[in-house]
Structures are given as structure tokens and as C-alpha cells.
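Below: one structure, written as C-alpha cells.
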Amino acid sequence: MADSYDLLIFGASRGLGLCLAKASVKRGEKVAAMVRAESDRSALSELGVTLIQGDAFSLDDCIAALRQAQPRRVISVLGGKNAAGRRIDALGNLNVIQALEASMPSTRVLLGTSLGCGEQWDGLAEPTKRMLGEAIRAKNEAEQYLKQSALPWMIARPAGLSHQEGTGQYRVQAQRDDAGNYLPRADVADAMLAILDQDERLYKAWTILGPAH
Ligand SMILES: NC(=O)c1ccc[n+]([C@@H]2O[C@H](COP(=O)([O-])OP(=O)(O)OC[C@H]3O[C@@H](n4cnc5c(N)ncnc54)[C@H](OP(=O)(O)O)[C@@H]3O)[C@@H](O)[C@H]2O)c1
Numbered sequence: 001m002a003d004s005y006d007l008l009i010f011g012a013s014r015g016l017g018l019c020l021a022k023a024s025v026k027r028g029e030k031v032a033a034m035v036r037a038e039s040d041r042s043a044l045s046e047l048g049v050t051l052i053q054g055d056a057f058s059l060d061d062c063i064a065a066l067r068q069a070q071p072r073r074v075i076s077v078l079g080g081k082n083a084a085g086r087r088i089d090a091l092g093n094l095n096v097i098q099a100l101e102a103s104m105p106s107t108r109v110l111l112g113t114s115l116g117c118g119e120q121w122d123g124l125a126e127p128t129k130r131m132l133g134e135a136i137r138a139k140n141e142a143e144q145y146l147k148q149s150a151l152p153w154m155i156a157r158p159a160g161l162s163h164q165e166g167t168g169q170y171r172v173q174a175q176r177d178d179a180g181n182y183l184p185r186a187d188v189a190d191a192m193l194a195i196l197d198q199d200e201r202l203y204k205a206w207t208i209l210g211p212a213h
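The numbering of the sequence shown is the UniProt record's numbering, which starts it at 1 and goes up by one.
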């Protein structure tokens with residue numbers, strides 16, 4: 001029989017996703033994560049997170065993960081390229097969204113993308129556009145699809161991520177500004193979990209920035 005989890009995370013083996021798993025477990029939540037066969041599972045296992053094997057390039061794997069976890073909420077922070085150079089940011093996130101549409105359409109979902117997505121593209125400096133353009137265009141595909149879906153959706157666009165300790169200092173805004181362009185992953189994770197639980201944040205994209213000073 002399927003279990004029922006507070007949160008299912010896609011992209012939790014390291015980085016921001018692992019910080020999200022840590023923060024959610026710390027809140028006393030029951031957390032599951034879909035991880036690839038070759039992913040390093042040690043940190044998640046230590047946290048007591050339930051691991052569901054799957055590859056986000058596969059829609060069937062995403063559907064199976066949802067069916068197994070029966071989550072109350074879903075977060076996807078999938079990003080990067082596989083060993084063959086294939087980028088997950090569009091297709092993997094689209095698979096998560098389509099899996100939700102197919103099997104759990106009333107489950108709240110928070111998609112983590114990046115500062116610079118959507119209408120923020122024009123405000124980026126040219127070197128940033130050159131460096132991040134491919135990833136941002138891919139994430140935009142997922143954002144656009146999610147926005148026209150009937151799912152209860154939210155989007156989080158974090159600024160640059162560091163591995164430093166969390167400070168508890170972050171800003172969540174509808175628009176970006178020119179300050180706080182880097183912040184610790186731990187702070188972004190706290191911000192994302194807070195966004196996820198606020199009904200008034202539904203159906204909007206939120207930018208997560210470091211402190212302004
Ligand atoms: N770095 C920045 O400054 C920055 C700024 C804004 C937004 N972002 C975005 O924030 C997100 C998190 O970034 P991060 O640097 O903390 O983490 P990351 O190192 O990009 O980790 C990505 C996660 O996605 C998983 N993943 C990748 N392909 C997968 C697949 N086919 N199936 C299942 N899982 C897969 C990875 O698992 P494996 O361990 O198996 O590879 C990993 O857990 C990314 O989407 C990134 O683009 C980053």
C-alpha cells in the first residue's frame with residue numbers, strides 16, 4: 001500500500017534539495033525523495049528520508065514516485081546535465097508537472113527555478129545572460145507550462161546559491177532588485193518551505209534574495 005508523505009522532493013540528493021530535505025525533517029515532517037540509481041544517497045538516508053528510485057527524464061518514474069509517496073506537497077529543484085550532457089531543467093520538471101496532472105492534480109507544487117526567469121530576463125546583464133541563458137531558457141519552459149496548468153502551483157526563483165551556513169536572513173519578493181544576489185542554500189530552503197505553506201503565495205512566482213545590505 002502507498003505511504004502518505006508531507007513532502008516529496010525531486011532533486012534532493014545534494015545542494016538546495018538536500019537543504020530542503022534537512023529543513024523539512026527538522027520541522028518534523030515525513031519526507032520522501034526521488035533519486036537516481038547512481039545518486040549519492042548517504043546524506044538523505046542519514047536524515048531518515050524515504051528514497052524512491054527514479055530518473056526524472058522518465059515520466060513513468062515520476063508518476064510511480066508520486067503514487068508511492070502520495071505526498072501532500074511536492075517541490076522540484078531539478079537542475080543540471082546528466083553524464084551525456086542532457087539538461088534536466090526543462091524535461092525533468094515538465095515530467096514532474098505532467099505526472100502531477102496525471103495522478104495527483106490537487107497536490108500543491110513548488111517549482112524552484114532561478115532569478116532571471118520569465119519577465120526578469122530583460123533585466124539581466126549581458127555576461128549573466130551568456131552564462132545562464134541555456135539553463136534559464138530551459139527553466140522558462142517548465143515555468144510556462146506550470147503557469148497554464150490547473151495545479152495549485154507556486155514558483156520560487158532564488159538568486160545565486162552558496163554553501164555557507166544559513167543566516168535566517170532572506171527576502172521573498174514579487175520582483176527582483178539589485179541587492180542580495182547571493183545567499184546560502186539553507187536560507188533559500190527555509191524561504192521555499194515558508195512560501196509553500198502560505199496560501200496567498202499561490203499562482204505567483206517569488207524571487208528569493210539575500211539581505212539588502
Ligand atoms: N547554483 C546557483 O547559483 C543557482 C542559482 C539559482 C537557481 N539554481 C537552481 O537551483 C537548483 C538547485 O541547485 P543546486 O546547485 O543546489 O543543486 P544541483 O547540484 O544542481 O542538484 C540538482 C539535483 O537534481 C538531481 N537530478 C539531476 N538530474 C536528475 C534526474 N535525471 N533524475 C533525478 N534527479 C536528477 C541531482 O541528482 P544527482 O545527485 O543524481 O545528480 C541533484 O539532486 C537547480 O535547479 C539550479 O539550476 C542554482
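Virtual Cβ for every residue (Gly too), placed ideally from N, Cα, C.
For my contact list, residue i and residue j are in at a C-beta cut-off of 8 Å; report their separation, rounded to the angstrom.
{"i": "P211", "j": "V188", "result": "Not confirmed; about 13 Å, so no contact."}
{"i": "R176", "j": "L16", "result": "At roughly 18 Å, the Cβ-Cβ gap does not stay under 8 Å, so R176 and L16 are not in contact."}
{"i": "residue 216", "j": "V96", "result": "Within the shown structure, residues of the chain are numbered from 1 to 213, placing residue 216 beyond reach of any answer."}
{"i": "E141", "j": "T113", "result": "Their Cβ separation, rounded to whole angstroms, is 10 Å, which puts E141 and T113 out of contact at 8 Å."}
{"i": "L110", "j": "L151", "result": "In fact, because the Cβ distance is near 11 Å, the residues do not count as touching under 8 Å."}
{"i": "A37", "j": "I52", "result": "With a Cβ gap of about 11 Å, A37 and I52 do not count as contacting."}
{"i": "S4", "j": "S39", "result": "Rounded, the Cβ-Cβ distance is 24 Å, inconsistent with contact."}
{"i": "A138", "j": "A69", "result": "Not really, about 25 Å apart at Cβ, beyond 8 Å."}
Answer yes or no: the CB of residue i versus the heavy atoms of ligand 1, is any distance below 7 Å?
{"i": "P158", "result": "yes"}
{"i": "I75", "result": "no"}
{"i": "R14", "result": "yes"}
{"i": "D40", "result": "yes"}
Near residue i, which residues of its chain fall below 6 Å by C-beta distance, leaving aside the five closest residues on each side in sequence?
{"i": "A191", "result": "Y170, V172 and I208"}
{"i": "W206", "result": "A156, V172 and I195"}
{"i": "V25", "result": "V31 and L47"}
{"i": "R201", "result": "M154 and I195"}
{"i": "R108", "result": "R73 and P152"}
For residue i, which of the options has the nearest alpha-carbon?
{"i": "P71", "options": "R130, G166, A194 and E29", "result": "E29"}
{"i": "Q120", "options": "M131, I136 and N93", "result": "I136"}
{"i": "G166", "options": "N82, K22, F10 and K147", "result": "K22"}
Could you name the residues of the same chain whose beta carbon sits closer than 8 Å to that of residue i, not counting the 5 residues immediately before and after it, in chain order?
{"i": "M1", "result": "Note that M1 has pLDDT 46, beneath the 50 cutoff, so the model's placement of it is unreliable and the number below is only indicative. Result list for M1: empty, nothing under 8 Å."}
Beta strand (DSSP E) segments (min. 3 residues) lying fully within the region 154–209: 160–162, 171–173, 182–184 and 205–209
Minimum length 3: unbroken beta strand (DSSP E) runs contained in the region 67–127: 73–76 and 108–112
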